[in-house]
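Chemist: Dropping the structure in here first, questions after.
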Amino acid sequence: MDPQTHFSPTFGEARQKFLAAADAAGARLRAIPHPLAGPDGSPLATDVAVLGPPEATRRLVLISATHGVEGHCGSGVQVALLRSGALNDLPTDLAVVLVHAINPHGFAWTRRVTEDNVDLNRNFVDFSGPLPENPAYDLLFDAINPPSLSPEIMAAARETLRAYSSANGAMAMQAAVSSGQYRHADGVWYGGSQPTWSRLTLEEIARRELAGATSVAAIDFHTGLGPFGYGEIITELAPDDPLFALAQAWYGDGVTSTVSGNSTSARLTGTMDGGLARALAPAWLSYVALEFGTRPTSVVLDAVRQDNWLHLHGDLASEQGKAIKALIRDAFYPDEDAWRTAVLERASAVVSRALQGLASRVGSSAA
Ligand SMILES: [Zn+2]
0 MDPQTHFSPT FGEARQKFLA AADAAGARLR AIPHPLAGPD GSPLATDVAV
50 LGPPEATRRL VLISATHGVE GHCGSGVQVA LLRSGALNDL PTDLAVVLVH
100 AINPHGFAWT RRVTEDNVDL NRNFVDFSGP LPENPAYDLL FDAINPPSLS
150 PEIMAAARET LRAYSSANGA MAMQAAVSSG QYRHADGVWY GGSQPTWSRL
200 TLEEIARREL AGATSVAAID FHTGLGPFGY GEIITELAPD DPLFALAQAW
250 YGDGVTSTVS GNSTSARLTG TMDGGLARAL APAWLSYVAL EFGTRPTSVV
300 LDAVRQDNWL HLHGDLASEQ GKAIKALIRD AFYPDEDAWR TAVLERASAV
350 VSRALQGLAS RVGSSAA
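Heads up: the sequence shown runs through residues 0 to 366, numbered per numbering that gives the first Met the number 0.
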């Protein structure tokens, strides 16, 4: 089978391929319906497929579409794994849990965010306590979220961000924009004011499909940062954390840390790893994001900002609306065979290492 066909141009097609491939592989399937519909009126859902013994104490979780539109990549990887038979002969006492489209609304609508404009990977904070502050974002709000896409206003916004970057460094600018913010519900990289449907759904999956596990490894598939087609293994762990050393032992020296600053990602707030760890406690969790590079960071940032403007002020059916949708889709899913081939090679190698690492873990000992 042509490996390119594992990937899909729409959420609906991706979902059908996933369900068919999971069924053919003998997986146990559960659909979790989303309350809203896709742009064509079709239903949305997160689907969970489980392979291996239900009582396994070791589970590998593979998550797609945390950032909606990035699901073209993660879904393609999941379908490829199911179709290839790579998950057929699992080590003893190990099950694989595939979570297809944890943010189905964003996937279907070609958006990075959820239906409530929330960045799911910033939403895992304790909303009963003080929320993380991002004063640089507050300062740069109008430049990050321009009120108009007119050439003059966009040029001025870019100049403001460029000046901030040259004064404080490119990573400080990237952190201001993308580390997460909890004040501006209409802005990009918004972490929300309460747990989103997708967060609650993931927590429910942790209680249902991961119950009884004592050792869990998770790979969350992302796109949009780093060199074209390269898959960076990113953790939110400090370099002296034993889990970081373990991630390096499993996946190699290329594992990066947003805390130490050697990642292409800025240090983030409210990320999924912490939320999943709390939902699974006291089980042990090794969580990594596998982030595939696409286009230059400035292009990706611009696409996210324009998409936010479109949904706030624009018309999805207009020529401009269609152009912005094409832009954001390309920023997170380059429609190129070479990119998809690189993604599949890297992803299958990383999944294979996770299976080996998890299989080598004995019982429920601490990290
Ligand atoms: Zn992402």
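Built from N, CA and C at the ideal position, the CB exists for glycine as well.
Count the CB pairs spanning the stretch 155-165 and the stretch 15-27 that are closer than 8 Å, and state whether there are at least three.
Modeler: Contact fails: fewer than three Cβ-Cβ distances are below 8 Å.
Chemist: Identify whether PHE243 lies in helix, strand or coil by the three-state DSSP scheme.
Modeler: Three-state result, PHE243: helix.
Chemist: Along the alpha helix (DSSP H) that carries ARG161, what are the first and last residues, could you check?
Modeler: Run containing ARG161: 150-167, per the alpha helix (DSSP H) assignment.
Chemist: Do you know how far the Cα of GLN305 is from the Cα of GLY218?
Modeler: Correcting the residue identity first, residue 218 is Ile in this sequence and not Gly. Roughly 29 Å separates the two Cα atoms.
Chemist: Based on the DSSP output, what are the partners of GLY189 in its beta bridges?
Modeler: Position check: residue 189 holds Tyr in this sequence, whereas Gly was assumed. TYR189 pairs with GLN180.
Chemist: Need the endpoints of the beta strand (DSSP E) that GLY292 sits in, please.
Modeler: Residues 283-292.
Chemist: Can you name the residues that DSSP bridges to THR45?
Modeler: Partner(s): ILE31.
Chemist: On the DSSP bridge assignment, give the partners of TYR62 in chain order.
Modeler: Looking at the sequence provided, one finds Ile at residue 62 rather than Tyr. The partner list for ILE62 (beta bridge, DSSP) reads VAL98 and ASP219.
Chemist: Going by other Cβ atoms of all chains shown within 10 Å of its Cβ, with 16 needed for buried, is GLY362 buried or exposed?
Modeler: Low per-residue confidence applies at GLY362: pLDDT is 49, beneath 50, and the placement is therefore not dependable, though the value from the model is reported in the following sentence. GLY362 is exposed by the Cβ-count criterion.
Chemist: Using the C-alpha atoms, what's the distance from PRO194 back to GLN180?
Modeler: For GLN180 and PRO194, the distance between alpha carbons rounds to 14 Å.
Chemist: Would you say the beta carbon of GLY223 comes nearer than 7 Å to a heavy atom of ligand 1?
Modeler: Result yes, Cβ under 7 Å from ligand 1.
Chemist: Run through DSSP, which three-state label would SER256 get?
Modeler: SER256 falls in the strand class under three-state DSSP.
Chemist: May I ask you to report which of helix, strand or coil DSSP gives ALA365?
Modeler: Per-residue confidence for ALA365 stands at a pLDDT of 44, beneath the threshold of 50, marking its modelled position as unreliable; no derived number is given.
Chemist: May I have the straight-line CA-CA distance separating SER63 from LEU311, to the nearest angstrom?
Modeler: For SER63 and LEU311, the distance between alpha carbons rounds to 26 Å.
Chemist: Taking the straight line between their C-alpha atoms, what separation do you get for ALA371 and LEU267?
Modeler: Past the edges of the chain, shown from 0 to 366, lies residue 371, and the structure says nothing about it.
Chemist: Looking at C-beta atoms only, is the number of pairs between the stretch 111-128 and the stretch 88-97 that lie closer than 8 Å three or more?
Modeler: The answer is no - the stretch 88-97 does not touch the stretch 111-128, with fewer than three Cβ pairs under 8 Å.
Chemist: Can the beta-carbon of ALA44 be found less than 8 Å from the beta-carbon of PRO134?
Modeler: No. Outside cutoff.
Chemist: Bridge partners of THR4, per DSSP?
Modeler: Paired residues: none, contrary to the question.
Chemist: Would you check whether ligand 1 has a heavy atom nearer than 7 Å to the C-beta of THR263?
Modeler: Not so, every heavy atom of ligand 1 lies at least 7 Å from the Cβ.
Chemist: Scan the stretch 299-336 and note each continuous alpha helix (DSSP H) run of 4 residues or more that stays entirely inside, going in chain order.
Modeler: Complete alpha helix (DSSP H) runs here, min 4: 318-331.
Chemist: Around the Cβ of ARG339, are there at least 16 other Cβ atoms within 10 angstroms (buried) or fewer (exposed)?
Modeler: With 16 or more other Cβ atoms within 10 Å, it is buried.
Chemist: Kindly examine ligand 3 and report whether one of its heavy atoms sits closer than 7 Å to the Cβ of HIS33.
Modeler: This structure simply doesn't include ligand 3; it includes ligand 1 instead.
Chemist: Taking 7 Å as the limit between beta carbons, can you name the residues of its chain near LEU130, skipping five residues before and five after?
Modeler: Once the five neighbours on either side are set aside, the close Cβ partners of LEU130 are VAL124 and TYR181.
Chemist: Taking ARG352 as the reference, give the member of ALA246, GLY320 and TYR332 with the closest Cα.
Modeler: The option with the nearest alpha carbon to ARG352 is ALA246.
Chemist: Under 8 Å Cβ to Cβ from PRO238, same chain only, skipping five residues before and after it: list those, please.
Modeler: Closer than 8 Å at the Cβ level, and outside the excluded window around PRO238, lie SER256, VAL258 and SER259.
Chemist: Taking the alpha carbon of ALA282 as the point to measure from, which residue in GLY128, HIS221, TRP308 and ARG360 has its own alpha carbon closest?
Modeler: Considering only alpha carbons, the answer is ARG360.
Chemist: Tell me where the alpha helix (DSSP H) around THR200 begins and ends.
Modeler: It spans 196-207 - the alpha helix (DSSP H) in which THR200 sits, taken as one unbroken run.
Chemist: Report the three-state DSSP secondary structure of PHE227 (helix, strand or coil).
Modeler: Looking at PHE227 - three-state DSSP - the assignment turns out to be strand.
Chemist: Cα separation between ASP143 and SER7?
Modeler: Looking at the sequence provided, one finds Ile at residue 143 rather than Asp. Using only the alpha carbons, I get a separation of about 31 Å.
Chemist: For ALA348 and ALA325, I'd like the C-alpha separation in whole angstroms.
Modeler: Roughly 30 Å separates the two Cα atoms.
Chemist: DSSP three-state label for LEU279, please.
Modeler: If DSSP states are grouped into helix, strand and coil, LEU279 belongs with the helices.
Chemist: How is LEU357 classed by DSSP in three states: helix, strand or coil?
Modeler: It is helical.
Chemist: What residues are listed by DSSP as bridge partners for SER214?
Modeler: Paired residue(s): ARG57 and TRP283.
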